[in-house]
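Let me begin by presenting the structure, written as structure tokens, before commenting on it.
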Amino acid sequence: MRRALSVGLPFALAVISSALVLAQQPAQGQRAAGGAGAARASAATALFKVEWVQPAGQTGQVPIVQGNVADPNVVVHWYGEAAKHLLTSGTVGSETTPFSAWSGECDGPFAITFSQKSNALDMSGLGKIRWTVKTSGFHVVRPVVKLADGTMLVGDHADAAVPMLTVREFALNDVRWIRLDPMRVVTVNGGRGAGPANPNNEIWVNNPDLSKVEEIGFADLMPGSGHGTGGYIHLGTIEIVGKAVPRATTTASNR
Numbered sequence: 001m002r003r004a005l006s007v008g009l010p011f012a013l014a015v016i017s018s019a020l021v022l023a024q025q026p027a028q029g030q031r032a033a034g035g036a037g038a039a040r041a042s043a044a045t046a047l048f049k050v051e052w053v054q055p056a057g058q059t060g061q062v063p064i065v066q067g068n069v070a071d072p073n074v075v076v077h078w079y080g081e082a083a084k085h086l087l088t089s090g091t092v093g094s095e096t097t098p099f100s101a102w103s104g105e106c107d108g109p110f111a112i113t114f115s116q117k118s119n120a121l122d123m124s125g126l127g128k129i130r131w132t133v134k135t136s137g138f139h140v141v142r143p144v145v146k147l148a149d150g151t152m153l154v155g156d157h158a159d160a161a162v163p164m165l166t167v168r169e170f171a172l173n174d175v176r177w178i179r180l181d182p183m184r185v186v187t188v189n190g191g192r193g194a195g196p197a198n199p200n201n202e203i204w205v206n207n208p209d210l211s212k213v214e215e216i217g218f219a220d221l222m223p224g225s226g227h228g229t230g231g232y233i234h235l236g237t238i239e240i241v242g243k244a245v246p247r248a249t250t251t252a253s254n255r
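Quick note: our numbering has the sequence shown finishing at residue 255, numbered continuously throughout.
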């Protein structure tokens, strides 16, 4: 009897040890996957940051111009007639009312986008936008991208009811997109290649290629209410996180 017990005990311990090893293997695999994810995350970096500045000689509340962007490698693009009425606002160096862009005088929908002189943007995967926004009334701030083939899209992400300048961050992978008419700045049917029609007449653009983005920015699809309280958006800094990629040899002309 003592011999049987002495043989059975090591066997039982061996079985338990094997079970523990097998139980640990998935956890180790998950940690390895997490490490790979961390490596992929490091591939997405801060590509550029739009910071508004007041060039020498500019005074008062005036329309935004190229010189209001601090980074000389970042180019501003205006879409919609009302875009030219986007004004400077605030005070340089102020923490409570920082120098920013204000849409109260925009009498129609508009979009403002930014591009880099040296490269296009890969906003797929972990690409994201981090911006400082404030809104009034029912106005919302939406992301806009212009793809390498000239297609413009506006996203369903909407920052609204933000009473104070606040930093908001979101991944573009979580955004659904609708085609945007660059002249009128209104949503339109995606056209050929947008996917089959459906009973609800939805016009989402299915799986747009965000690996080659020429321009990225924001839109306000409502007219502003003018000076004073009412309806408008404030845009402070805008930071783009993604990957720099070579620009396509042929792209649609920029405005």
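The beta-carbon is built from N, C-alpha and C at its ideal position, and this holds for glycine as well.
Does the beta-carbon distance from residue i to residue j come in below 8 Å?
i: Ser-115; j: Val-75; result: yes
i: Leu-153; j: Ile-178; result: yes
i: Ala-111; j: Leu-180; result: yes
i: Thr-135; j: Asp-107; result: no
i: Glu-51; j: Arg-130; result: no
i: Ala-70; j: Val-241; result: no
i: Asn-68; j: Pro-55; result: yes
Ignore the nearest five residues each way along the sequence and tell me which others in residue i's own chain have a CB closer than 7 Å to its CB.
i: Ser-103; result: Leu-86, Asp-220, Gly-224, Tyr-232 and Ile-233
i: Gly-137; result: Ser-225, Gly-230 and Gly-231
i: Val-62; result: Leu-87 and Thr-88
i: Phe-170; result: Lys-128, Ile-129 and His-157
i: Arg-247; result: Asn-119 and Ala-120
Does the beta-carbon of residue i, which I'm using as the reference point, lie nearer than 7 Å to any heavy atom of the ligand GTP?
i: Leu-121; result: Judged by which ligands are present, the structure shown has none, so any question about the ligand GTP falls away.
What does DSSP give as the partner residues of residue i in its beta bridges?
i: Thr-45; result: Gly-242
i: Phe-114; result: Val-76 and Ile-216
i: Ile-129; result: Phe-170 and Ile-240
i: Met-152; result: Lys-146
i: Leu-180; result: Thr-187
Tell me which same chain residues have a C-beta within less than 6 Å of the C-beta of residue i, skipping the five on either side of it?
i: Val-185; result: Tyr-79, Gly-80, Pro-109, Phe-110 and Ala-111
i: Gly-217; result: Ile-112, Thr-113, Phe-114 and Val-144
In the DSSP assignment, find the unbroken beta strand (DSSP E) run with residue i in it and report its ends.
i: Leu-147; result: 140-147
i: Val-167; result: 166-171
i: Glu-272; result: With the chain running from 1 to 255 in the structure shown, residue 272 is simply not present.
i: Asp-122; result: 120-122
i: Ile-203; result: Here Ile-203 belongs to no beta strand (DSSP E), and DSSP marks it neither H nor E.
Between which residues of its own chain and residue i is the CB-CB distance below 8 Å, once the five residues before and five after are set aside?
i: Gly-57; result: none
i: Ala-244; result: Leu-47, Gln-116, Ser-118, Asn-119, Ala-120, Leu-121 and Asp-122
For this session: Evaluate the contact criterion for the stretch 168-180 versus the stretch 84-95: three or more CB pairs, one atom per stretch, below 8 Å.
Result: The answer is no - the stretch 84-95 does not touch the stretch 168-180, with fewer than three Cβ pairs under 8 Å.
Exercise. Does the count of Cβ pairs from the stretch 107-127 and the stretch 206-221 closer than 8 Å reach three?
Worked result: yes
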